[in-house]
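Structure first, then comments.
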Amino acid sequence: MIIEFRCERDYARRWMHRQTLSIDGRDVPVQIAWTAATEPRPAGLDALFGLEHVVLHKGKPSGADRLKIIPESAHIGTADVIVDFTGAARDPNCSAQLYLRPLFNGVAGENAVLAAVLAGDLPVIEIVNEVDGTVLDRGHPSSEIAAGLSGGLDTVMARTLTMVAAILSGRPRIVPQLARPARTGNGKQPAAYAVRGLAVSIAKEIYRLCCYAPHWHVGWRFNDGAGVWQTGDLSGPNWNVLGDPGNHFYADPFPITWRGRTFLFFEDLDHRVGKGIISAVEFGDAGPVGDVVPVLEEPWHLSYPFLIEDDGELWMIPESSLNGDVALYKCVRFPDKWERHATLLSGLELADATITRHNGLNYLFGAWRDGTGGYSDSLAIYYAEHLLGPWLPHASNPVLIDRASTRPAGNFVTINGKLWRPVQDCANGYGAALGLAEVVELSPTTFKQVVRHSLKPGPAWSGRKLHTLNRCGRLEVIDGSRVQPKTSVFASRLPSVVLSPRTSPRTAC
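Here the working numbering is used: position 227 in the sequence shown is 1204, and no number is missing along the way.
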């Protein structure tokens, strides 16, 4: 196979400069056909990108950087596949077997990406077969690493290449229905965008100097009645905040009752070193009992301590995407001694691995990343007969690219025979909200989910953000973030705080 990218010479960018495209681990040759520009870019764009390169990206290279010298692409031969990134009309005499056109909110070309970002959002990406107009794939990228206009462009093009590679792999695609962002008509010119972007950047830097950011905290309550899954909201008994020492944050709470004792496991990140471990605290009839104790630490960052019982043993799969694997740990002494037992998957970035048993098979869900783009927009699924595997990839991996409904946010639940999963809704930033999604279809070759409810911080949970939901018996847990000034970190653990719709203490802002 020979792939040809069609790109505009006058606006050549670093992401275009490649000789191969990785498809299922194979490096497929790419040649570039440089074409004339079909329309000019917004005035001041290069100056803005240059400023962002210094201020926002700290001089690090970005895929949106202009190529100072455009290398002539070697002509390998007649292209089998053309991927046209321009806004020009398709050559009707083209002999390629497949002619792909990326669209951004329904419009071709880089200007469409820039217009969407200037209007305040990343666009929905569609990859269209130009011959018959069929949409072959559709996705909505997440923006957690998209700093500035150049970062937005880089993120969108990175995920566009992900989708192109998935199509060319030959794997069947599951094309979701995704609403395009509403156009407000308030699109900014680059100069105005730069002013706002720099102001936001300065504010963030000041915030980081004065506060630990982000500072997640765990909410818990005892609930004898209907919980979040039944009501579709956060109403009910007041939420309590699990006290933390201030220079640590707690996130990703997973409760479990094992051999008569209930413990809450969670990510415990020390702001001073920037690395997470897994800690736990026991819960009695009135709440937390005793001190928080560390239970698992590795040289790399750990978070999201997913727990699963299997064959009479207790297991944990903490997120270890920075180590490039999905590892299984066995509990050898509850709750504080765990030993690495097996590597379920290796050589991939997979965040927040979560397993459910469905129709006789184990299914492992995770937020997948191919080394570029956002961390929360691509869902990969693997399946196995047994927990120890072997784990096989779903036929359509990545099965979904959607920032609002991809990343796992806690345990699956079954209600009235229906399978549900909590999902992170990152439409307004990483961890900003929760979705409750019903899994309508799930097999090694199919997947479909429908988000039925959306949960956001508000009167019932007076904080910033919301991105994990779990329950064990009466104990219901969530998490969120708060402003944590560095100058007011106490040496001793903060007491638990009870939140009600009428109170909003500083520790929960």
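Idealized CB from N, CA, C, for every residue including glycine. Small disclaimer: the values here were computed from a predicted structure and weren't measured.
C-alpha distance - residue i paired with residue j, whole-angstrom precision
i            : j            : result
residue 1117 : residue 1308 : 39 Å
residue 1214 : residue 1230 : 18 Å
residue 1152 : residue 1241 : 38 Å
residue 1331 : residue 1261 : 26 Å
residue 1154 : residue 1139 : 18 Å
residue 1337 : residue 1063 : 47 Å
residue 981  : residue 1049 : 13 Å
residue 1450 : residue 1282 : 18 Å
residue 1470 : residue 1267 : Only weak support exists for where residue 1470 lies, its pLDDT of 43 falling under 50; the coordinates are left without a value.
residue 951  : residue 1382 : Because the chain here runs from 978 to 1486, residue 951 falls outside it and cannot be looked at.
residue 1200 : residue 1239 : 15 Å
residue 1287 : residue 1197 : 26 Å
residue 1251 : residue 1279 : 11 Å
residue 1098 : residue 1158 : 7 Å
residue 1361 : residue 1369 : 6 Å
residue 1367 : residue 1322 : 9 Å
residue 1007 : residue 995  : 7 Å
residue 1407 : residue 1379 : 13 Å
residue 1472 : residue 1385 : Unreliable placement is indicated for residue 1472, whose pLDDT of 43 sits below 50; no coordinate value is reported for it.
residue 1220 : residue 1409 : 21 Å
residue 1414 : residue 1456 : 18 Å
residue 1297 : residue 1325 : 10 Å
residue 1333 : residue 1039 : 38 Å
Limits of the alpha helix (DSSP H) - the one that residue i falls within
i            : result
residue 1030 : 1022-1032
residue 1130 : 1125-1145
residue 1101 : It is not in any alpha helix (DSSP H) - residue 1101 carries neither H nor E in the DSSP assignment.
Residue i (DSSP reduced to helix, strand or coil)
i            : result
residue 1063 : coil
residue 1093 : helix
residue 1265 : strand
residue 1306 : strand
residue 1449 : strand
residue 993  : helix
residue 1121 : coil
residue 1395 : strand
residue 1314 : strand
residue 1299 : helix
residue 1200 : coil
residue 1442 : coil
residue 1434 : coil
residue 1403 : coil
residue 1167 : helix
residue 1252 : strand
residue 1106 : strand
residue 1187 : helix
residue 981  : strand
residue 1274 : coil
residue 1088 : helix
residue 1425 : strand
Residue i beta carbon near the ligand NAD (any heavy atom closer than 8 Å)
i            : result
residue 1020 : Judged by which ligands are present, the structure shown has none, so any question about the ligand NAD falls away.
Contact check, residue i vs residue j, beta carbons under 9 Å
i            : j            : result
residue 1354 : residue 1119 : yes
residue 1237 : residue 1189 : no
residue 1076 : residue 1059 : yes
residue 1247 : residue 1255 : no
residue 1195 : residue 1227 : yes
residue 1073 : residue 1056 : yes
residue 1211 : residue 1452 : no
residue 1065 : residue 1082 : no
residue 1018 : residue 1095 : no
Residue i, enclosing beta strand (DSSP E) - first and last residue
i            : result
residue 1207 : Unbroken run through residue 1207 is the alpha helix (DSSP H), 1205-1208; no beta strand (DSSP E).
residue 988  : Here residue 988 belongs to no beta strand (DSSP E), and DSSP marks it neither H nor E.
residue 1339 : 1338-1346
residue 1290 : 1290-1296
residue 1225 : 1225-1235
residue 1008 : 1003-1012
residue 1079 : 1075-1081
residue 1112 : 1111-1116
CB contact check: residue i to chain B, cutoff 9 Å
i            : result
residue 1434 : Reference to chain B is not applicable here, since this structure consists of a single protein chain.
- Do three or more CB pairs link the stretch 1391-1401 to the stretch 1105-1114 at distances below 8 Å? Using a Cβ-Cβ distance cut-off of 8 Å, the stretch 1391-1401 and the stretch 1105-1114 are not in contact, since fewer than three pairs of beta carbons, one from each stretch, lie closer than that value.
- Item | Touch test, the stretch 1125-1139 against the stretch 1345-1360, Cβ-Cβ under 8 Å, three pairs minimum | yes
- Please determine if the stretch 1302-1322 and the stretch 1270-1285 are in contact, where contact requires at least 3 C-beta pairs separated by less than 8 Å. yes
- Message: Three or more C-beta pairs under 8 Å: does that hold for the stretch 1364-1374 against the stretch 1395-1403?
- Response: no
- Query: Within the chosen definition, does the stretch 1018-1037 reach the stretch 1121-1128 through at least 3 CB pairs nearer than 8 Å?
  - Reply: yes
- Query: For the 8 Å Cβ check, are there 3 or more pairs between the stretch 1009-1018 and the stretch 1038-1045?
  - Reply: no
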